[in-house]
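Structure record follows, encoded as structure tokens.
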């Protein structure tokens with residue numbers, strides 16, 4: 617459904633963001649155990665009829681590991697860059713430092729349907745459990761999508777979970793990204809990963825973003841001021857573009873919840889480097905988790921003096937986070953194709969040839 | 617439906633919590649403009665069949681004012697005492713310092729249905745608005761209720777909103793309180809209010825709680841150690857009772873969001889005085905709002921140098937908050953009648969005669 | 617110097633706060649490794665001459681363990697109940713989750729002298745270290761003391777550290793407590809401890825408070841409304857009494873920084889039960905640390921899956937914290953003798969006989 | 617003393633950071649009422665003898681307005697990017713949303729001397745006041761300076777305050793900046809300002825940084841990857857450079873404390889764009905204040921419905937903050953001359969000709 621292979625990622629243009637090497641597929645799924653699944657919903661066209669369509673939305677599942685997430689929780693942290701958003705489940709993650717369900721991304725008005733379905737999913741695996749904390753992030757795709765129609769249904773959530781794969785590099789108009797706008801161009805899902813330096817350990821850190829934020833004029837690629845040279849003809853309205861961004865960070869390094877909080881706070885740096893500024897109504901949230909530090913049903917955690925990451929080594933994780941966040945955001949724009957949505961609103965895929973021209977011009 | 621008139625409030629026992637006078641009805645609805653509505657759902661009995669029942673739950677609406685909440689938002693703040701909970705809408709309130717919908721209370725697994733319905737309600741009043749932040753709090757009534765059945769439906773939410781009244785002193789087994797357990801006795805809804813001292817201004821502060829927390833042994837009334845003398849025969853299991861509490865504070869004083877945050881943090885003191893301790897899994901959340909400080913669609917706020925409450929006067933609001941919180945919690949227990957729920961689980965209404973005896977014994 | 621043996625602690629009056637057993641001396645020093653030292657400064661009388669006196673102040677050292685605190689840091693957390701205060705070193709504790717110096721308590725205007733001296737002390741033990749985070753708490757003793765005179769000197773800090781003892785039950789007018797006012801009576805230092813239940817492990821939790829907060833009318837002992845019956849003839853002015861309180865919690869249980877944060881937040885409950893309300897200008901701060909979870913120079917931490925405290929067991933630590941905090945606060949008032957300070961201002965020691973009478977009256 | 621006129625600011629190189637116009641002098645002192653004063657201490661050379669020297673340090677005063685700061689406080693907010701630092705006074709600013717003293721910057725071990733002196737200064741203006749919250753930020757200049765010697769004395773603090781001027785564009789090796797290292801080059805003080813768009817109002821926003829953070833390899837100027845081409849021969853050790861940065865934001869727009877908090881959180885974006893990453897031990901703190909929203913002794917605040925800045929206009933302040941922060945940081949590096957400090961450690965001023973060459977190469 618999502619044909620995007622003819623659109624390059626930033627690295628395909630010869631631009632390496634930062635200095636650390638990427639994981640095998642330069643995706644959040646490079647982190648061992650992490651799975652990703654997307655269900656994309658694209659139906660109808662023309663005038664908005666709330667409840668009918670057009671539909672330009674979807675749902676994305678990021679699954680920290682393939683086991684039972686409730687009985688084997690992963691250490692986690694939240695950082696709220698700009699709290700103008702409706703994400704579900706954050707308070708409990710902050711308090712307890714763990715996540716006990718897959719993480720879902722969707723549109724603003726579908727988070728409650730998705731949370732509900734996620735409870736069914738986890739409840740089904742854990743009969744008799746009556747307290748479950750679904751974690752669901754959102755961005756607002758109403759500029760293209762019939763958002764009031766809440767077209768994401770329980771079945772889509774379950775499908776995203778069931779079809780989630782161990783290797784996934786889909787980007788742009790997939791899953792929750794279908795109706796999103798990034799830097800006034802078509803935006804959506806982006807991902808990237810980094811390998812930590814050897815002296816820190818044999819670890820990977822991956823980032824997935826749902827990008828619906830930013831002004832065209834501010835967009836930059838590795839510091840090249842793309843937005844000073846290239847803005848879409850049909851610019852999104854100021855109202856339309858202040859959408860928000862969800863940033864999800866995964867690592868297999870056994871970081872504690874407090875350490876993951878420090879890592880999560882560095883996502884802001886990558887966001888800034890791509891040109892975003894968390895404008896007033898852009899709700900920007902970071903969720904970070906470690907598949908390498910788990911809390912079992914017994915109450916035990918898996919971290920030990922032998923595996924504990926010394927605080928001073930966190931700088932390497934900060935760098936990996938910043939680089940992978942910047943790259944994932946840029947990818948989310950480069951890889952998204954033009955989409956026409958409700959009322960004929962058109963979001964242009966950023967023109968690749970022109971971007972490549974600017975890259976050459978600025979970086980020879 | 618809820619017959620509770622033969623159960624006294626704490627003040628009917630001759631116990632005045634604190635030193636400030638109460639509002640006319642000693643209820644959160646004493647705060648001008650504030651409305652409260654409850655829909656109680658009680659159906660079936662016997663063995664738990666998820667999806668069927670028995671049903672012991674409900675939904676409560678606290679409406680800051682009778683106008684359009686979205687175009688006339690109220691300044692607000694959140695304090696999270698223990699974040700082990702799933703309440704919806706908190707991040708945006710913290711960031712922007714306002715609430716733009718009625719506040720709903722319900723059971724843990726119904727918050728998403730309720731949030732969804734609340735969006736419909738506000739959207740219906742404001743066509744074309746595609747960003748709405750529903751605020752919904754919850755406690756876990758699964759010890760009595762078929763919580764997985766999610767029996768609170770859209771129609772119940774709308775009814776609670778439509779039937780909300782300007783005077784409401786219902787307590788105990790009403791609305792969201794139907795299935796709750798407080799201090800191992802039957803708990804639920806409680807409310808109280810205080811008048812601020814004249815030199816502060818002609819203001820009222822009211823509190824409503826959804827009480828599902830506490831151990832019997834710790835329950836105290838104005839310092840009288842009720843729990844040392846009186847515990848239910850059928851004590852709730854440790855697991856069952858760690859339920860949580862939602863605390864909602866309203867005032868017509870034009871406090872700023874920052875000042876409301878300070879006020880919200882004092883609810884903990886009232887909670888403590890009633891004997892609660894925010895045990896590990898008791899998710900305790902405070903929502904505070906001011907009907908006297910509004911943010912209009914234009915972007916204007918209503919506060920001015922003339923109406924601004926000097927910081928040093930906040931101590932009076934702190935006292936009012938502590939007193940009303942303590943009293944509302946005690947009321948939530950005193951007023952709740954015995955309820956038999958799923959699988960025959962019985963929560964006893966605290967025996968009034970014995971409580972009255974202890975009050976006499978300890979306070980002559 | 618400080619004769620207080622003829623004043624009872626609350627437990628000597630037959631009142632047991634809560635249900636958990638105390639440690640051997642019912643003091644923070646019951647926690648293995650924890651040491652406490654006080655230097656009390658009482659000089660001159662009569663009219664206040666800034667820089668000259670009278671002097672009614674001091675400094676208190678709470679030393680987590682007898683080794684090198686910088687190379688063997690202890691896990692720690694901060695909770696700010698009311699941030700109207702000047703304590704030093706909090707941000708770094710919050711960020712890194714550890715404390716690397718002894719914790720000092722003193723008066724508001726002496727924290728910088730004390731911080732400076734503490735840096736010398738730690739620097740002396742660790743030559744070549746140029747980044748040290750001294751943790752110093754304060755309350756305002758200006759109603760009795762020439763606070764602008766800053767009479768606490770480097771030598772007093774070093775003496776408090778050197779003379780700190782493994783058993784210390786001094787309370788009231790000692791160390792930083794010399795010039796403090798609690799509930800409008802003479803206040804100051806108080807301490808208490810609790811043993812954790814066996815199933816949690818063989819752990820102790822201790823609390824030390826520097827109590828300079830509260831109104832007489834609100835003071836209560838185990839729920840007995842002392843303040844409704846007994847207020848000092850020479851009541852402190854509203855201005856004078858809004859002093860603040862420092863609360864320090866120690867445990868040998870190997871809690872993580874995040875878990876210590878949850879524990880620290882429960883100190884508020886003990887504070888509330890004693891009758892305080894964190895009035896506008898009462899800066900109330902909690903510092904919690906674990907001697908059982910250390911961070912070594914190597915970067916290693918000492919916690920392991922075998923020693924990790926399961927989250928659900930934290931409720932026992934919450935109870936211990938609440939009980940010990942309430943008791944330490946009450947002790948700080950009961951044990952403090954009448955003190956006359958600058959300009960002849962007199963703070964009365966609460967009259968023990970009358971308190972004992974009230975205890976008998978209310979509790980048979 | 618500080619000759620820097622032959623070193624250009626970034627704008628002198630033809631690089632305009634962002635799109636908003638600067639204030640008259642492109643300095644924090646463009647904000648009406650704001651004054652800045654620096655006292656620079658440079659003495660001795662050769663081997664470090666703690667207590668003797670060499671001295672490479674100083675103190676900087678940022679005075680929000682020329683009146684009595686204590687009786688006319690300014691609304692303010694704090695954002696802690698990385699709390700690994702010792703800044704004084706933050707808790708009270710967070711709680712009350714105001715600043716009541718000038719803001720001082722100095723080295724890590726001198727903050728307590730400076731806080732002490734600042735209390736004397738404010739106390740001298742306000743006899744009989746015994747509660748003052750000095751706000752002092754710090755970075756660690758120990759790689760060049762005898763930091764343990766604490767060479768900043770009371771007299772230097774008072775001089776910085778007294779000599780503070782209404783126009784001040786000094787940068788680099790001045791005041792607290794004397795001994796700092798930025799991106800492994802000589803760093804220190806930098807400043808910049810922006811005019812808000814007309815539709816927001818006739819307001820200015822200014823930023824001053826004390827820059828002691830960053831790796832050479834990461835340094836960028838308006839996205840030009842300077843650090844990929846140019847690193848100092850004598851690179852700072854990893855240990856030495858993780859220094860931290862203080863960021864101070866001033867505006868005359870009457871923002872509330874909550875709104876200033878949102879503004880403060882955008883400083884991170886400017887920091888990121890210059891190439892910093894808040895590495896583990898880089899304590900990065902933001903202080904934001906509004907000279908246009910004051911709190912008077914009477915308790916009144918000056919904001920009104922007429923002057924209140926609608927939330928949606930904050931995006932313009934965010935942009936101004938990001939641009940001015942990025943530019944101030946770049947200026948702090950460009951303007952700082954080579955400095956030789958203790959033990960002959962040399963920090964090179966970044967070579968201007970080479971930077972200019974790179975600017976031409978990358979931007980034609």
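Chains as they are written, first to last, in the working numbering: chain A, 617 to 980; chain B, 617 to 980; chain C, 617 to 980; chain D, 617 to 980.
For every residue, glycine included, the Cβ atom is placed at its ideal position computed from N, Cα and C.
| Query | Result |
| --- | --- |
| For residue 900(C), the residue or residues it bridges with in DSSP | 698(C) and 861(C) |
| Residue environment, residue 980(A), which counts as buried when at least 16 other CB atoms sit within 10 Å | exposed |
| Between the CA atoms of residue 667(C) and residue 618(C) - distance to the nearest angstrom | Confidence at residue 618(C) is low in this model, with a pLDDT of 45, below 50, so its placement is unreliable and no value can be given for it. |
| Listed by chain order, chain C residues near residue 862(B) by CB distance under 9 Å | Those within 9 Å of residue 862(B) in chain C number zero; the least Cβ separation is about 17 Å. |
| Coil, strand or helix - residue 807(D) by DSSP | strand |
| For residue 695(B), the nearest candidate out of 895(B), 884(B) and 929(B) (CA to CA) | 884(B) |
| Contact the stretch 753-765 of chain C vs the stretch 623-632 of chain C: 3+ CB pairs below 8 Å | no |
| Partners in chain B for residue 633(C), counting only beta-carbon separations shorter than 9 Å | What residue 633(C) touches in chain B: nothing, since even the nearest Cβ is about 11 Å away. |
| Contact set for residue 875(C): own chain, Cβ-Cβ below 7 Å, skip 5 residues either direction | 925 and 930 |
| Per DSSP, cross-strand counterpart(s) of residue 955(A) | 963(A) |
| Buried versus exposed call for residue 637(A) [16 or more other C-beta atoms within 10 Å across all chains shown] | exposed |
| Residue 818(D) burial status per 10 Å Cβ neighbour count (16 or more: buried) | exposed |
| Local Cβ density within 10 Å of residue 633(A), reported as buried at 16 or more and exposed below that | buried |
| CA-to-CA distance, residue 873(D) to residue 915(B), given in whole angstroms | 17 Å |
| Contacting positions in the stretch 743-767 of chain C - beta carbon closer than 7 Å to chain D | 746, 747, 749, 756, 758, 763 and 764 |
| Inter-residue Cα distance where the pair is residue 644(A) and residue 769(B) | 38 Å |
| Segment contact, 8 Å Cβ cut-off, at least three pairs: the stretch 737-754 of chain D with the stretch 646-654 of chain D | no |
| Residue-chain proximity (residue 817(D), chain B), Cβ-Cβ < 8 Å | no |
| Residue nearest to residue 722(A) in terms of C-alpha spacing, selected from 713(A), 732(A), 716(A) and 714(A) | 732(A) |
| Under 9 Å (Cβ pairs) to chain A, residues found in the stretch 914-948 of chain C | 914, 915, 916, 917, 918, 919, 920, 921, 922, 924, 925, 926, 927, 928 and 929 |
| Neighbour list for residue 894(B) in chain C, Cβ cutoff strictly below 8 Å | 881, 882, 885 and 934 |
| Candidates 642(B), 727(B) and 898(B), of which the one nearest residue 782(B) by Cα | 642(B) |
| Within-8 Å CB hit, residue 636(D) to chain B | no |
| C-beta neighbour in chain C for residue 870(B), strict 8 Å | no |
| Neighbouring residues, chain A, relative to residue 840(D) (Cβ below 8 Å) | 839 |
| Rounded straight-line distance, which links the Cα of residue 797(B) to that of residue 945(B) | 12 Å |
| Partner residues on chain C for residue 698(D), Cβ-Cβ distance less than 8 Å | 711 |
| Three-state secondary structure (DSSP) of residue 833(C) | helix |
| Candidates 959(D), 842(D), 901(D) and 895(D), of which the one nearest residue 969(D) by Cα | 842(D) |
| Any C-beta of chain C under 8 Å from that of residue 974(D) | no |
| Simplified DSSP state of residue 725(A), which is helix, strand or coil | helix |
| For residue 701(A) and residue 676(D), the rounded distance between their alpha carbons | 39 Å |
| Same chain, Cβ closer than 6 Å to residue 657(A), five either side skipped, listed in chain order | 671, 673, 674 and 767 |
| Residue interval of the alpha helix (DSSP H) (run including residue 652(C)) | That residue, residue 652(C), is in no alpha helix (DSSP H); its beta strand (DSSP E) goes 651-659. |
| C-beta contact flag for residue 933(B) and residue 895(C) at 8 Å | no |
| Cα-Cα separation between residue 957(C) and residue 764(C), rounded to whole angstroms | 14 Å |
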